Every structure is written in structure tokens, then in C-alpha cells.
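In what follows, a structure is listed as C-alpha cells, so that the remarks can point back to it.
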Amino acid sequence: MVECTFDRAGGHDAATALLNLADPPTAVLVDNNLAGAGTFRAIIDSGRKPGRDVSLIVYDGVPSDVSHPYAVTAVTQPTGHASGKAIAELMLNAIADRDRCAHRLALPRIEPGDTDGPMH
């Protein structure tokens, strides 16, 4: 595990350090899309191909302003709109039936792309 700042430069620097190790990782999981964009750039800058030479999975994907030909494999979470709707429904249900206690757990999903895969 490598810590970095919550931005593209931090992701790039951390990934570059990992990729320059004597025994570099075969996969990188990045916990935010800003650092993910930097990590993606570091993989490309190193001459590696995502999904072939190193797997890349990014929480919430790579921002759309990063130009690249890959569908980046992502862990996605419900949007703010979907979360707000669920909260409103829970509140309305609680008002209608005060004895009822409800909760919802929104699970993240894997959005398959072409940046992860078995290494040969």
C-alpha cells in the first residue's frame, strides 16, 4: 500500500515509484479517480499497457477529461442523486410508520473494462 495526495500528481508519483521497483506490482487499485488519472498516466509513461502489463482498477473510474482509448475498470458507487432519493424514501417511510426502523446498504459495483486482466 502506498499513500499519496488526493490528486493526479500524487497518483502519478506513487505509481511511478511502484512501477520502478525491482519487483513491480502486476496490479494497482486506486481509491479515488483523481489519483487514478495520475496512475493511468504513469502506467502509459512507463511504456506499459494497462490490462496487459499491469492491471488498473480505479474507484469511480478515470475522469472523463483524461483522453485515452481504454475502458478503465472501475469500482462505482451510487450517485448523489440515487443516494438522495434513497434517503428521502427512508424519511418518508419513517414518518408514515414511526415504529419501523429501516436502513439500506448501497454496495459498490465493479464496472468491467479492459484495464484489468490475467498477466501472462
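For reference, each letter of the sequence shown is one residue, going -1 to 118 in our numbering. Just so it is clear, CB atoms sit at the ideal spot from N, CA and C, and this is done for glycine as well. Being a predicted model, the structure only gives us computed values, none of them experimental.
Could you give the DSSP three-state label for Leu103: helix, strand or coil?
Looking at Leu103 - three-state DSSP - the assignment turns out to be coil, as it is neither helix nor strand.
Within 10 Å of its beta-carbon, does Phe4 have 16 or more other beta-carbons around it, so buried, or fewer, so exposed?
Answer is exposed; the Cβ neighbour count stays below 16.
Would you call the region 81 to 90 in contact with the region 10 to 22, where contact means no fewer than 3 C-beta pairs closer than 8 Å?
Cβ pair count under 8 Å is below three, so no.
Could you spell out where the beta strand (DSSP E) holding Thr37 opens and where it closes?
Secondary structure note for Thr37: it is in no beta strand (DSSP E), and the uninterrupted alpha helix (DSSP H) holding it is Asn31 to Asp43.
To which residues does DSSP link Ser53 through a beta bridge?
Ser53 is bridged by DSSP to Ala25.
At the level of alpha carbons, what is the spacing between Asp11 and Arg102?
When rounded, the distance between both Cα atoms is 38 Å.
Enumerate in chain order the residues of its own chain whose CB-to-CB distance from Ser53 is below 8 Å, with the five nearest sequence positions on each side excluded.
Take Ser53, set aside five residues on each side of it, and the residues of its chain with a beta-carbon closer than 8 Å to its own are Thr24, Ala25, Val26, Thr71, Thr113, Asp114, Gly115 and Met117, in chain order.
Does the region 29 to 47 come close enough to the region 87 to 97 that 3 or more CB-CB pairs lie under 8 Å?
No, the region 87 to 97 does not touch the region 29 to 47.
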